[in-house]
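Participant: Chains A and B are the protein sequences, given in the same order. Start counting the first sequence at 7; every next residue gets the next number (this note's numbering). Start counting the second sequence at 7; every next residue gets the next number (this note's numbering). I have a structure here, written as structure tokens, and I will follow up with some questions on it.
There are 2 protein chains.
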Amino acid sequence: MTEPAALLTPWRGTVLPAWTDYNGHLRDAHYMIVFSNATDCLIEGFGLDEAGRKATGHSIFTLESHINYLLEVKEGTPIEVRTQVLGADTKRLNIYHTLHVAGAQDTLAANQQMLLNVDMSGPRAAPFAPSVLPRVQALAERHRGLPTPKYAGRSISLPAPR
Amino acid sequence: MTEPAALLTPWRGTVLPAWTDYNGHLRDAHYMIVFSNATDCLIEGFGLDEAGRKATGHSIFTLESHINYLLEVKEGTPIEVRTQVLGADTKRLNIYHTLHVAGAQDTLAANQQMLLNVDMSGPRAAPFAPSVLPRVQALAERHRGLPTPKYAGRSISLPAPR
Numbered sequence: 007m008t009e010p011a012a013l014l015t016p017w018r019g020t021v022l023p024a025w026t027d028y029n030g031h032l033r034d035a036h037y038m039i040v041f042s043n044a045t046d047c048l049i050e051g052f053g054l055d056e057a058g059r060k061a062t063g064h065s066i067f068t069l070e071s072h073i074n075y076l077l078e079v080k081e082g083t084p085i086e087v088r089t090q091v092l093g094a095d096t097k098r099l100n101i102y103h104t105l106h107v108a109g110a111q112d113t114l115a116a117n118q119q120m121l122l123n124v125d126m127s128g129p130r131a132a133p134f135a136p137s138v139l140p141r142v143q144a145l146a147e148r149h150r151g152l153p154t155p156k157y158a159g160r161s162i163s164l165p166a167p168r
Numbered sequence: 007m008t009e010p011a012a013l014l015t016p017w018r019g020t021v022l023p024a025w026t027d028y029n030g031h032l033r034d035a036h037y038m039i040v041f042s043n044a045t046d047c048l049i050e051g052f053g054l055d056e057a058g059r060k061a062t063g064h065s066i067f068t069l070e071s072h073i074n075y076l077l078e079v080k081e082g083t084p085i086e087v088r089t090q091v092l093g094a095d096t097k098r099l100n101i102y103h104t105l106h107v108a109g110a111q112d113t114l115a116a117n118q119q120m121l122l123n124v125d126m127s128g129p130r131a132a133p134f135a136p137s138v139l140p141r142v143q144a145l146a147e148r149h150r151g152l153p154t155p156k157y158a159g160r161s162i163s164l165p166a167p168r
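Below you can see the structure in the form of structure tokens.
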């Protein structure tokens, strides 16, 4: 497993009561809220916060997302998302989040996302703005050579019963 | 595209204000809430509503989920989820949801899920209860031979820039 120090930790928080099921565990759909929040924070770090979106006329769309649920997590637990950039081109970003109890090693869930930069005047796919692209490329470069994480590139299938 | 009549429509509703972003569109993470609701309704149809979960001691866990975002949808839009069973064995269920404006053809998003039946006394994976298994098998049989849907079995990757 890649050392946490090599990754970003764009989001830290707590499992909120509104996110849990009747057993007090984080609901499946609400893992995606946590990962979506982490993506928002990552993108803000590239300069696409509200002011940056207004200045560039660009926004980031999620094209595709894959999640693996590994362990349950209870209401009130302090949690964090760690993020690895798997790849980027001039308008797309392929990222991999893992969810952890704050500071802990075990992976509670893994989530790969493909993001697309969009010029909202179309809307249409467009290269990252000149103010954004170098930051995306710098992070992609920093993460180049990290091991491919366990749940990247997964597809869902059901083998025939044994 | 498979005719809607061949599929289940386990969930109908409306895009709620709480699910939208600053542009009034359904947020990426909240598509998953819609699909999760549809899965809950599907499972209740197999007899695993609250009373059924209590009677069997079983519950359904989501192992893995893959979503493709295709079109935006605005607050207040009437929407529905259509569902195809791609496969099942004695304890797992591989399903494929699509999201639509109510009664319309265009697919707004597609979501494949792998579900696992869990005996909560462990908790551990366990065969579907005798009251549940025939219903799962009957639906899987009814959907056998339907075309494999477009976004089933996808994996996320970023080809090298051209």
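Backbone N, C-alpha and C fix where the C-beta goes; we use that ideal spot for every residue, glycine too.
Mind reading off the beta-carbon distance from Pro-140 (chain B) to Ala-116 (chain B)? Whole number of angstroms is fine, and I expect it under 8 Å.
Facilitator: The pair is not a contact, with the Cβ atoms about 28 Å apart (cut-off 8 Å).
Participant: With DSSP collapsed to three states, give me the class of Arg-59 (chain A).
Facilitator: Correct three-state label for Arg-59 (chain A): helix.
Participant: Report yes or no: do the region 51 to 63 of chain B and the region 84 to 98 of chain B share at least 3 C-beta pairs separated by less than 8 Å?
Facilitator: Contact fails: fewer than three Cβ-Cβ distances are below 8 Å.
Participant: Name the chain A residues whose beta carbon is nearer than 8 Å to that of Glu-70 (chain B)?
Facilitator: Going along chain A in sequence order, the residues near Glu-70 (chain B) (Cβ under 8 Å) are His-72, Ile-73, Asn-74, Tyr-75, Arg-160, Ile-162.
Participant: Assuming Trp-17 (chain B) contacts Ala-44 (chain B) (C-beta within less than 8 Å), just tell me the rounded distance between them.
Facilitator: Rounded, the Cβ-Cβ distance is 4 Å, consistent with contact.
Participant: Let me check understanding here. Comparing Cα to Cα, which of A:Gln-90, A:Leu-22, A:Leu-105, A:Ala-61 lies closest to Phe-41 (chain A)?
Facilitator: Looking at the Cα atoms, A:Leu-105 is the closest of the given residues.
Participant: Going along the chain, which unbroken runs of the alpha helix (DSSP H) with 4 or more residues stay wholly within the region 92 to 132 of chain B?
Facilitator: The region 92 to 132 of chain B contains no whole alpha helix (DSSP H) run of 4 or more residues.
Participant: In chain order, what residues of the same chain lie with their CB nearer than 7 Å to the CB of Arg-33 (chain B), ignoring the 5 residues before and after it?
Facilitator: Closer than 7 Å at the Cβ level, and outside the excluded window around Arg-33 (chain B), lie Trp-25, Thr-26, Asp-27.
Participant: So, Ser-65 (chain B) versus Met-120 (chain B), is the Cβ gap smaller than 8 Å?
Facilitator: No, Cβ-Cβ distance for Ser-65 (chain B) and Met-120 (chain B) is not below 8 Å.
Participant: Report the option in A:Tyr-157, A:Thr-89, A:Gly-82 whose CA atom is closest to the CA atom of Cys-47 (chain A).
Facilitator: Checked all of A:Tyr-157, A:Thr-89, A:Gly-82; the closest Cα to Cys-47 (chain A) is A:Thr-89.
Participant: Spatial neighbours of Leu-77 (chain A) within its chain, please: C-beta separation below 6 Å, excluding the five flanking residues on both sides.
Facilitator: Cβ neighbours of Leu-77 (chain A) beyond the five flanking positions: Leu-114.
Participant: For Ile-73 (chain B), write down the residues that DSSP places opposite it in a beta bridge.
Facilitator: According to DSSP, Ile-73 (chain B) bridges with A:Ser-71, B:Asn-117.
Participant: Helix or strand or just coil, what does DSSP make of Thr-83 (chain B)?
Facilitator: Three-state DSSP puts Thr-83 (chain B) in coil, outside helix and strand.
Participant: Using only CA atoms, which one of B:Tyr-75, B:Asp-112, B:Ala-146, B:Gly-151 lies nearest to Ile-31 (chain B)?
Facilitator: The question names Ile, but residue 31 (chain B) is His in the sequence shown. Taking only the C-alpha atoms, the option nearest His-31 (chain B) is B:Tyr-75.
Participant: Ile-162 (chain B) to Asn-29 (chain A), Cα distance in whole Å?
Facilitator: Cα to Cα, the separation comes out at about 32 Å.
Participant: Could you give the distance in angstroms between the alpha-carbon of Asn-123 (chain B) and the alpha-carbon of Ile-101 (chain B)?
Facilitator: Distance between the alpha carbons of Asn-123 (chain B) and Ile-101 (chain B) is about 14 Å.
Participant: Taking 8 Å as the cut-off, decide whether the C-beta atoms of Phe-67 (chain A) and Val-142 (chain A) are in contact.
Facilitator: No, they are not a contact pair.
Participant: For the beta strand (DSSP E) that contains Thr-45 (chain B), what are its first and last residues?
Facilitator: First-last for Thr-45 (chain B): 34 to 51, but that is the alpha helix (DSSP H), not the beta strand (DSSP E).
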